[in-house]
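Protein chains in written order, with full-length UniProt numbering: chain A, 1 to 528; chain B, 1 to 528.
Positions of the beta carbon are idealized from the N, C-alpha and C atoms, including for glycine.
Here the structure is a predicted model, which is why all the values come from computation and not from measurement.
2 protein chains.
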Amino acid sequence: MSDSAAVDQEAAGARRARGAGRGAGGGAAARRAARAGGGPGIQLTYITRKMGVYEVLDEEGLALIEKNADTVLEETGIIFRDDAEALEMWKQAGADVRGERVHFPKGLCRSLLRSAPSTYTQHARNPERSVQIGGKATVFAPVYGPPFVRDLDGNRRYATIEDFRNFVKLAYMAPSIHHSGGTVCEPVDVPVNKRHLDMVYSHIRYSDKPFMGSVTAPERAEDTVAMAKIVFGDDFVENNTVLTSLINANSPMVFDETMLGAAKVYARHNQACIVTPFILAGAMSPVTVAGTLTQVLAEVLAGAAFTQLVRPGAPVLFGTFASSISMQSGAPTFGTPEPSLVSYGAAQLARRLNLPFRTGGSLCASKIPDAQAAYESANTLNSTVLAGTNFVLHAAGWLEGGLASCYEKFMMDIDQLGMQQKFCEGVDLSENGQAMDAIRQVGPGSHFLGCDHTQANFQSAFYRSSIADNNSYEQWLAEGEKTAPQRANQIARQWLESYEAPFLDPGIDDGLKDFIARKKESMPDAFT
Amino acid sequence: MSDSAAVDQEAAGARRARGAGRGAGGGAAARRAARAGGGPGIQLTYITRKMGVYEVLDEEGLALIEKNADTVLEETGIIFRDDAEALEMWKQAGADVRGERVHFPKGLCRSLLRSAPSTYTQHARNPERSVQIGGKATVFAPVYGPPFVRDLDGNRRYATIEDFRNFVKLAYMAPSIHHSGGTVCEPVDVPVNKRHLDMVYSHIRYSDKPFMGSVTAPERAEDTVAMAKIVFGDDFVENNTVLTSLINANSPMVFDETMLGAAKVYARHNQACIVTPFILAGAMSPVTVAGTLTQVLAEVLAGAAFTQLVRPGAPVLFGTFASSISMQSGAPTFGTPEPSLVSYGAAQLARRLNLPFRTGGSLCASKIPDAQAAYESANTLNSTVLAGTNFVLHAAGWLEGGLASCYEKFMMDIDQLGMQQKFCEGVDLSENGQAMDAIRQVGPGSHFLGCDHTQANFQSAFYRSSIADNNSYEQWLAEGEKTAPQRANQIARQWLESYEAPFLDPGIDDGLKDFIARKKESMPDAFT
């Protein structure tokens, strides 16, 4: 596979030549694009926050939760299920292993995690799209996991590989989406054992942003790594990080063989794992915020430390997915105060571990992209960003508690992401920002519309929404009384129509196709 | 009017007897009601934030803006229009008055503001509904000002006194609305010169929460004070605060005779003024955040200091209303990053002046209660609350850039307010909150649904939304595929149907009716 590495270098060179006009990391042009509210075109680099974070726990509260998590790890322990290798590794590391349950001496996990990097670069096949994960960086990635879509004709139906490609394309075009994500929807028209090949290929072929790997079986993780090596080259993959993948705990306090298998594959190849307790509080964790945070911390400590047993220095994220169950229906609820408190608190705990942090997104329980969806998504996204989250999965397109990927919601959400990105730039205190000349020039009782300063800053001063209708009531009536999702629908159609694939070296493309064909041939047809 | 004071004492006694079961300020029962997501019933006391605030400017940035504001006050000055008395007062105070323009020596306004209280109590006719304004308190009040309503039949039409009463009733019933507000809509079916009498009467008759006074003419402010005296008694009004009213600057850098006239009336009677530059950045202030903050601070310093010239010690708030104009249509935009930054920054400047702070609410530009309305409102409300805002006008019901009060939006917004109130309680770190027994009892691989801790905390653990549908897709389909506003519509109808007026002493009621009848008789009929 060293051939493909050579090819990749060429491709990278070609891309650099081709992309010269785009400007790495944006600058004024990209900022203008962002302020213009999106639209396919100049892409924004991941966010580097100039703003502080919001915190909900003081030192005493944090120390209490850390002490309690240590107690859970030592007394209750964590199950590593059906994975003798993992149990043996923990024994070697000094843990007290009883059956499948691992009890951790105080401080063991923390000490193992000292080898984990606080930030890392996830390389994209287009180097301009590579992202930093950790520190002051925030990266937005699309929705992950839904088996259904709500399509542009208003149907709610099972997702297909065509939908998958469409969401990859939209994410590629969205200026404020920095990452192509993973299972942007489940392409249920492809057999489950082959699906990952088409998904990984779609991310590579239809986008040039970084992406996530398959975690549904260790061999699918291996396939992902193999495909990444065709794109980036063997050595590059082994010595860098080109995949960030999702390793969910089976809360409460279990890691199962599937996730452990995938985690081992990725960590061994120096690829990043997001160790995430997927929590519906009240069902998978205690019904209180502090209790949930304690359990989350214990689970992450065990799972993340495990990656360091596999390969010290492999990137690993402190992840959490926070929701509460509805006491009426048992269904997950979003955008409510308790998950926000969990996210803020978990972000603080992650910072104290020097680990990059993942939570939140644009989460909602609504079945349609209505006001409920928007309130819940905005509440979640605001707390996600102000918590200082480094990797934001589900940042766009999530509907119906994660059961459906929604095109219209995707377009509305990316507009919101653009706003968050602008917010994170903070207050411009330059002389131009201070605008004292403008105040002097205009003076009392006049207006600033035509003054020099307004004219000079007109284009870039305010974020310009691609979705919002700010016209008069009369004009809105005349234009057909459109709702926000109706406007979003129109833009999604325009984008998909005007989509152009990024350059991919034909040699790499053929290599990927060959690999997929060979793999698929070796698999039983009817396996689903 | 000392009779009415005596009557009021009796009424208060009766209310106390009647309200014994309600519990002053809530306690467990009120918290349960809040968590149940609202519904008419037990009322919540104003928020006492247990959480910190989010800040966007550091010491250097704040000092820079303060220095610039001082420069504006000294060099550019502020116009006090058509008010010779005000100009004379400024002359006496040591300002440099040139025509109508007042130039302020450095430090003059700040020094005058030392007499303004950092917090005050606004008394309600039901003492249990009195609110603290300032410090760690946050008070939610309804939308203010719209000439139109979007009614429960989906019509957008001019507002009537019937609508006004309805919004007062809904605000009275809403647990997380702490204040009855002011012009909840403009009752355009009542002549403009008489309208204030019916509005003030509605607040008193249909609610027992604190309310705002008329500011559209000095004599209407006097009428408001006179009516308050019928309710509270002369002495009580002169020595306490029972009105908090809105004094807008005519930005840039003008206070006009109407607002100055009203401000003088209220301050003289020890009633509170919210001095608020109403800013559409790019038109009424510079197009940048720092420039807008500078102008806002200069205007507030001048306007708030003026109230202290009128009566040292009269309560005054640092207000701001932050919006940006759309560069396409010139219309105000909401929920975008720049107004959030202005709100956060202004809150910091207010804290440094030791003044209570007003900004934000549930602002949006959408013409209907759709996803645009919700995204914009949630963005605004989140920044409003995290900024540490003390008085939140427009907290519910605002639509269409403030042109319409919307019943459905009102019901959706109060649900969001309940969430914010719960959020502000912060993380419970008690032994029960830590839930260590629950984690021990449940252990790995099980679930928390039935455990003792969950059972004990089931009712109060999670905020329960009154609007969100968290049911399965299939159940939602079976129930008619309702949108959030459709559910809100139903609840509003139920509330208005089940509304019961709070007790009002018949003597006070007659006194108010007599006053209004005499006033109306003395006015020309056709004056509009």
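Member of A:Thr160, A:Trp90 and A:Ile78 whose CA lies at the smallest distance from the CA of A:Val300 = For the purposes of this step, residue 300 of chain A is taken as residue 300 along the first sequence, with counting starting at 1. With distances taken between Cα atoms, A:Val300 lies closest to A:Ile78.
inquiry  = So if DSSP puts residue 606 of chain B in a beta bridge, which residue, or which two residues, is it bridged to?
reply    = Residue 606 of chain B falls outside the range modelled here, since chain B spans only 1 to 528, and no answer is possible.
message = Excluding the 5 residues flanking B:Asp83 on each side, which residues of the same chain have their C-beta closer than 6 Å to its C-beta?
response = Within the second sequence, the letter at position 83 stands for residue 83 of chain B. Contacts found: Glu257 and Leu260.
6 Å Cβ shell around A:Pro117 - same chain, five flanking residues per side excluded = Along the first sequence, one-based indexing puts residue 117 of chain A at 117. Pro315, listed in sequence order.
key: Where the alpha helix (DSSP H) containing B:Arg114 begins and where it ends   = The residue labelled residue 114 of chain B in the question sits at position 114 within the second sequence. Note, B:Arg114: premise wrong, no alpha helix (DSSP H); not H, not E.
query = Are the C-beta of B:Trp476 and some C-beta of chain A separated by less than 8 Å?
reply = The count along the second sequence starts at 1 and reaches residue 476 of chain B at position 476. Cβ-Cβ to chain A under 8 Å: yes for B:Trp476.
request  = Taking only runs that begin and end inside the stretch 194 to 245 of chain A, name each unbroken alpha helix (DSSP H) of 4 or more residues, in chain order.
outcome  = 195 to 206, 218 to 232 and 234 to 239
ask   = DSSP on A:Phe448, reduced to helix/strand/coil?
value = Taking the first residue of the first sequence as 1, we reach residue 448 of chain A at position 448. Note: A:Phe448 maps to coil in three-state DSSP.
ask   = Does B:Val275 have its Cβ less than 8 Å from a Cβ in chain A?
value = As a working mapping, residue 275 of chain B is identified with position 275 in the second sequence. B:Val275 does not count as touching chain A.
Distance between A:Ala226 and A:Gln9 (C-alpha atoms, nearest Å) = In the first sequence, the residue the question calls residue 9 of chain A occupies position 9. In the first sequence, the residue the question calls residue 226 of chain A occupies position 226. Residue placement at A:Gln9 cannot be trusted, given a pLDDT of 34 that sits under 50; what the coordinates show is reported in the next sentence. Taking the straight line from one Cα to the other gives about 17 Å.
task = Under the assumption that A:Thr121 contacts A:Tyr46 (Cβ atoms under 8 Å), give the Cβ distance between them as a whole number of angstroms.
result = Counting from one through the first sequence, the residue named residue 121 of chain A turns up at place 121. Counting from one through the first sequence, the residue named residue 46 of chain A turns up at place 46. Between A:Tyr46 and A:Thr121 the Cβ distance is about 10 Å, and since that is not below 8 Å, they are no contact.
request  = Could you name the residues of chain A that B:Tyr54 contacts, counting a contact when the two beta carbons are closer than 7 Å?
outcome  = Residue numbering aside, residue 54 of chain B sits at position 54 when the second sequence is read from its first letter. Those are Tyr54 and Leu386, listed as they occur along chain A.
inquiry  = In this structure, how does DSSP classify A:Tyr463 when only helix, strand and coil are distinguished?
reply    = Stepping through the first sequence from its first residue, residue 463 of chain A is reached at position 463. Note: A:Tyr463 maps to coil in three-state DSSP.
Chain B contacts made by the stretch 254 to 287 of chain A, where a contact means CB separation under 9 Å = Val254, Ala281, Gly282, Ala283, Met284, Ser285, Pro286 and Val287
inquiry  = Just checking: is the beta-carbon of A:Met411 within a distance shorter than 8 Å of some beta-carbon in chain B?
reply    = Indexing the first sequence from 1 puts residue 411 of chain A at position 411. Taking Cβ atoms only, chain B never reaches closer than 8 Å to A:Met411, which makes this a no.
key: Counted within 10 angstroms of its Cβ, other Cβ atoms place A:Gly335 as buried (16 or more) or exposed   = As a position in the first sequence, residue 335 of chain A is number 335, starting the count at 1. Classification of A:Gly335: buried, given that the 10 Å Cβ count is 16 or more.
task = Answer yes or no: does any C-beta atom of chain A fall closer than 8 Å to that of B:Tyr158?
result = By 1-based counting over the second sequence, the position of residue 158 of chain B is 158. No, B:Tyr158 lies away from the interface with chain A (no Cβ there is under 8 Å from its Cβ).
task = List the residues of chain E that B:Ile78 touches, going by C-beta distances under 7 Å, in chain order.
result = Of the protein chains in this structure, namely A and B, none is chain E.
task = Mind checking which residues open and close the beta strand (DSSP E) that includes A:Ala281?
result = Taking the first residue of the first sequence as position 1, residue 281 of chain A is located at position 281. That run of the beta strand (DSSP E) goes Ala272 to Ala281.
ask   = Going by beta carbon distance, what residues of the same chain come within less than 6 Å of B:Ser522, once the five residues before and after it are set aside?
value = The residue you call residue 522 of chain B lines up with position 522 of the second sequence. Within the same chain, B:Ser522 has no close Cβ partners at all.
message = Rounding to the nearest angstrom, what Cα-Cα distance links B:Ile508 and B:Ser214 in this structure?
response = Here residue 508 of chain B refers to the residue found at position 508 of the second sequence. Here residue 214 of chain B refers to the residue found at position 214 of the second sequence. The straight-line gap from Cα to Cα measures roughly 20 Å.
key: Chain-ordered residues of the stretch 157 to 189 of chain A with a beta carbon less than 8 Å from chain B   = none
ask   = Who does B:Thr333 pair with in a DSSP beta bridge?
value = If you number the second sequence from 1, residue 333 of chain B lands on position 333. Paired residues: B:Ser324.
Same chain, Cβ closer than 8 Å to B:Arg165, five either side skipped, listed in chain order = Within the second sequence, the letter at position 165 stands for residue 165 of chain B. Excluding residues within five positions, the ones whose Cβ falls inside 8 Å are Ser202 and Tyr206.
message = Determine whether the beta carbon atoms of A:Leu417 and A:Ser176 lie at a separation below 8 Å.
response = Position 417 of the first sequence, counting from 1, holds the residue named residue 417 of chain A. Position 176 of the first sequence, counting from 1, holds the residue named residue 176 of chain A. Yes, the Cβ-Cβ distance between A:Leu417 and A:Ser176 is below 8 Å.
request  = For the stretch 354 to 369 of chain B, enumerate the residues whose C-beta is nearer than 8 Å to any C-beta of chain A, in chain order.
outcome  = Ala365, Ser366, Lys367, Ile368 and Pro369
query = Which runs of the beta strand (DSSP E), 3 residues or longer, sit entirely within the stretch 122 to 191 of chain B?
reply = 131 to 134, 137 to 140, 148 to 150 and 156 to 158
message = Since B:Ala290 and A:Gln455 should fall inside the 8 Å C-beta cutoff, what is the C-beta to C-beta distance between them, to a whole number of angstroms?
response = In the second sequence, counting from the first residue as 1, residue 290 of chain B sits at position 290. In the first sequence, counting from the first residue as 1, residue 455 of chain A sits at position 455. Not really, about 18 Å apart at Cβ, beyond 8 Å.
inquiry  = Mapping the DSSP letters down to three states, classify A:Ile78 as helix, strand or coil.
reply    = Within the first sequence, numbered from 1, the residue matching residue 78 of chain A stands at position 78. It is a strand residue.
task = Would you kindly work out how many angstroms separate the C-alpha atoms of A:Arg352 and A:Gly345, rounded to a whole number?
result = Numbered from 1 along the first sequence, position 352 holds the residue referred to as residue 352 of chain A. Numbered from 1 along the first sequence, position 345 holds the residue referred to as residue 345 of chain A. If I take the Cα positions, the gap works out to 11 Å.
query = How many Å lie between residue 541 of chain A and B:Gly443 at the Cα?
reply = Outside the shown range of chain A (1 to 528) lies residue 541 of chain A, about which nothing can therefore be said.
ask   = According to the neighbour-count rule (16 or more other Cβ atoms, all chains shown, within 10 Å of its Cβ), is B:Asn457 buried or exposed?
value = For the purposes of this step, residue 457 of chain B is taken as residue 457 along the second sequence, with counting starting at 1. Its Cβ being crowded by 16 or more others within 10 Å, B:Asn457 is buried.
query = If we count Cβ pairs, one from each stretch, closer than 8 Å, do we get three or more for the stretch 180 to 193 of chain B versus the stretch 139 to 146 of chain B?
reply = yes
ask   = Taking only beta-carbon atoms, is B:Arg440 less than 8 Å away from chain A?
value = The sequence position of residue 440 of chain B within the second sequence is 440, counting from 1. Chain A, which has a Cβ nearer than 8 Å to the Cβ of B:Arg440, makes this yes.
message = Can you tell me where the alpha helix (DSSP H) holding B:Phe318 begins and where it ends?
response = Translated into positions along the second sequence, residue 318 of chain B becomes position 318. Element bounds for B:Phe318: not the alpha helix (DSSP H) but the beta strand (DSSP E), Val316 to Gly319.
query = Would you say B:Leu512 faces chain A, with C-beta separation under 8 Å as the test?
reply = For the purposes of this step, residue 512 of chain B is taken as residue 512 along the second sequence, with counting starting at 1. Chain A contact via Cβ: absent.
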